[in-house]
Amino acid sequence: MTSFYSQTTRTVQRVHDQVAHDFTVYQYDWDGSGGTNEYASGGDWTESSSTVAGTIEFPDDSRRTAGPDGDDVTVSVVIYMKPDDVDVELGTDDESRATEFVDTQTGSRYQTVTIRNQRSLLAIECTEI
14 MTSFYSQTTR TVQRVHDQVA HDFTVYQYDW DGSGGTNEYA SGGDWTESSS TVAGTIEFPD
74 DSRRTAGPDG DDVTVSVVIY MKPDDVDVEL GTDDESRATE FVDTQTGSRY QTVTIRNQRS
134 LLAIECTEI
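See below:
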């Protein structure tokens, strides 16, 4: 007999697959010059992108949350993606940069603020940039 949790997880993933559309996901890595990975020594961000299916929610109220550096940040959207489909970075210091998402339907660009694991999906809270 299948557990209620397993049935719910499969149902959520199936609905997500049916209503999801594409997002271009941008990851940034620091490429230090001179063989060092120290941010202060110079270098440049390298960008890599992939396309991932996701759904988007526009909260009715503007939520404020603590961003990776502790500052209050307004969350404008929540993007839901399967955990195995995307690796999300918060950008917690000078040598890391938050993952960005571009909605391929609207062209809107969002930057990761917080990540919550909600059973079968990641809830990626973002601010519009």
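Just so we're aligned: the sequence shown equals residues 14 to 142 in this note's numbering. C-beta atoms are modelled at their ideal positions from N, C-alpha and C, and glycine is treated no differently.
Query: Beta-bridge partners of E102, as assigned by DSSP; Result: Paired residue(s): none; E102 is not in a bridge.
Query: Neighbour-count burial assignment, I92, 16 or more Cβ in a 10 Å radius; Result: buried
Query: Residue span of the beta strand (DSSP E) that contains D116, given as start and end; Result: 113 to 116
Query: Whole-Å CB distance - T37 paired with V115, under 8 Å assumed; Result: 4 Å
Query: Same chain only: Cβ atoms within 8 Å of Y39, ignoring 5 sequence neighbours per side; Result: E60, S61, S62, T112, E113, F114, V115
Query: Neighbourhood of D98 by C-beta distance below 6 Å, restricted to the same chain and skipping five residues each side; Result: V65
Query: Backbone secondary structure at F36 - three-state DSSP; Result: strand
Query: Residue interval of the beta strand (DSSP E) (run including I92); Result: 90 to 94
Query: Beta-carbon proximity check, T127 vs V88, cutoff 9 Å; Result: yes
Query: Coil, strand or helix - R23 by DSSP; Result: helix
Query: Nearest neighbour of G220, chosen from R27, T21, Q20 [CA to CA]; Result: The requested residue 220 does not occur in the structure, where the chain is confined to residues 14 to 142.
Query: Identity of the residues DSSP links to S62 by a beta bridge; Result: Y39
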